[in-house]
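The next block holds one structure in the form of structure tokens; read it before the comments.
Residue numbers (the UniProt record's numbering): 1 to 465.
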């Protein structure tokens, strides 16, 4: 075979080879492979002129292009790679006050500070579970401003009361963004007047969107992405029967401060938290990150000993307390909450617990910061989920006193054990060694009854060979 154009001819081999006619095309690569040519001297030559006939194809396969590798990835691998991105990639970032970090979402700046805090207090098993970095928010309270023709539904700009429209929020569950789009369309079509904060006029002030993934009719792995939305509207009027209110709320729900009226659809919104069914009405506080909160509950339950007496401070609708009661078979659980509107959700959720649970569960409408020692008394486990403003000093003081008394009781118990080990415990150990020696010497089938008295304590038993 002649060499490629522009290169000198192959050197004549030392052995005589039979002449063969030059083929018009190379042999199929599946049957014949040309052996490598003898070494030759490489000479840098100018590029050859364009060939009038196509060059023979290379016999060795060409290396695949990197781009081709990316297109050959399985769909599951490609989706996993995109979902693992730690960048927010939101078009509203910088204008909206909802998110403060755009990159390295799996390593929030406060993480190291939190880890050091727990380590300094003797908590060695602290772990951080990042969960979803986008589409995680299942509960959103949004302001409604603008005009009927151009309504703005979103959050305030940082440091102002100017509402930023966020139709493509990356933190929101996709169902929330879809519901906001429908609400915006309804405001325009029905000429609903958004609230004007300066004039104190208008009709629709705020909207609350809550997603539920509780749907047993579909597979578990599809329930989150197909979540349903409970829509609650905050109207700028005590008269929920106003003409425009009736028009817009004919297919959704509406709340007025502590009063709300169900109009259409399922009355109760159910969600599965910590192994129990929980009902949350529009007045009840609920965690925004459903998946992370559920994961936290399962971990928290492992720290509660079975048959405990539990008090749950700042309990809300009792989600944590009910979960602990069901999973740890507690003797009693007391839920303490200042918002009386949460009682209805608590009672609805408690009605679904098994009748043979064997746990006394109560809900108390009171301020946990008023005489907190009263609620801590007689409890073996205290669960504290404080409000955003933090724990009241009275609660902190009460918890510190409980911890101090627990340490004193622990030291007293260790002292008793140490004292017993020096008398009763050590004597029993020596006697048991004697019993073992006697059993070796006894004939098979004989029994030895013994009575041991050490410092006024009596042990009776039987040893069999």
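Glycine included, every Cβ here is placed at the ideal spot set by N, Cα and C.
List the residues that DSSP assigns as beta-bridge partners of residue i.
i: residue 332; result: 309, 360
i: residue 278; result: 271
i: residue 93; result: 96
i: residue 228; result: 212
i: residue 391; result: None; residue 391 has no bridge partner.
i: residue 132; result: In DSSP, residue 132 forms no bridge with anything.
i: residue 141; result: 208
i: residue 353; result: Paired residue(s): none; residue 353 is not in a bridge.
i: residue 154; result: 143, 165
i: residue 337; result: 365
i: residue 289; result: 137
i: residue 383; result: 312
How long is the line joining the alpha carbons of residue i and residue j, rounded to whole angstroms?
i: residue 466; j: residue 201; result: Past the edges of the chain, shown from 1 to 465, lies residue 466, and the structure says nothing about it.
i: residue 380; j: residue 316; result: 21 Å
i: residue 320; j: residue 297; result: 7 Å
i: residue 360; j: residue 311; result: 12 Å
i: residue 93; j: residue 100; result: 8 Å
i: residue 82; j: residue 275; result: The predicted position of residue 82 is uncertain, since its pLDDT is 43 and thus under 50; a value taken from the coordinates is nonetheless stated next. Distance between the alpha carbons of residue 82 and residue 275: 31 Å.
i: residue 322; j: residue 212; result: 19 Å
i: residue 272; j: residue 336; result: 21 Å
i: residue 389; j: residue 302; result: 28 Å
i: residue 126; j: residue 214; result: 30 Å
i: residue 313; j: residue 365; result: 11 Å
i: residue 102; j: residue 138; result: 20 Å
i: residue 189; j: residue 91; result: 27 Å
i: residue 87; j: residue 373; result: 46 Å
i: residue 376; j: residue 382; result: 7 Å
i: residue 191; j: residue 308; result: 56 Å
i: residue 122; j: residue 159; result: 39 Å
i: residue 108; j: residue 132; result: 14 Å
i: residue 263; j: residue 269; result: 14 Å
i: residue 135; j: residue 174; result: 6 Å
i: residue 161; j: residue 199; result: 13 Å
i: residue 181; j: residue 332; result: 46 Å
i: residue 196; j: residue 286; result: 28 Å
i: residue 266; j: residue 279; result: 12 Å
i: residue 89; j: residue 155; result: 18 Å
i: residue 153; j: residue 186; result: 12 Å
i: residue 399; j: residue 391; result: 11 Å
i: residue 75; j: residue 371; result: Note on residue 75: pLDDT 37, under 50, position unreliable in the model; the coordinate value appears next. Roughly 59 Å between the two C-alpha positions.
i: residue 178; j: residue 401; result: 50 Å
Under the assumption that residue i contacts residue j (Cβ atoms under 8 Å), give the Cβ distance between them as a whole number of angstroms.
i: residue 85; j: residue 157; result: That belief does not hold up - the Cβ atoms of residue 85 and residue 157 are roughly 26 Å apart, past 8 Å.
i: residue 395; j: residue 368; result: 6 Å
i: residue 306; j: residue 329; result: 5 Å
i: residue 106; j: residue 130; result: 5 Å
i: residue 326; j: residue 357; result: 7 Å
i: residue 194; j: residue 147; result: 7 Å
i: residue 229; j: residue 176; result: 6 Å
i: residue 318; j: residue 363; result: 6 Å
i: residue 284; j: residue 226; result: About 23 Å separates the two Cβ atoms, so there is no contact after all.
i: residue 466; j: residue 277; result: Any property of residue 466 remains undetermined from this structure, which presents the chain solely from 1 to 465.
i: residue 344; j: residue 281; result: 6 Å
Checklist line | Within the region 163-211, ranges of the alpha helix (DSSP H) (whole runs, at least 4 residues) | finding: 174-189
Review point. On the three-pair Cβ rule with 8 Å, is the region 137-145 touching the region 191-210?
Key: yes
TODO: Decide yes or no for the touch test of the region 289-308 against the region 335-351: beta carbon pairs closer than 8 Å, at least 3 of them.
DONE: no
TODO: Inspect the CB distances between the region 165-184 and the region 114-126 and report whether three or more fall short of 8 Å.
DONE: no
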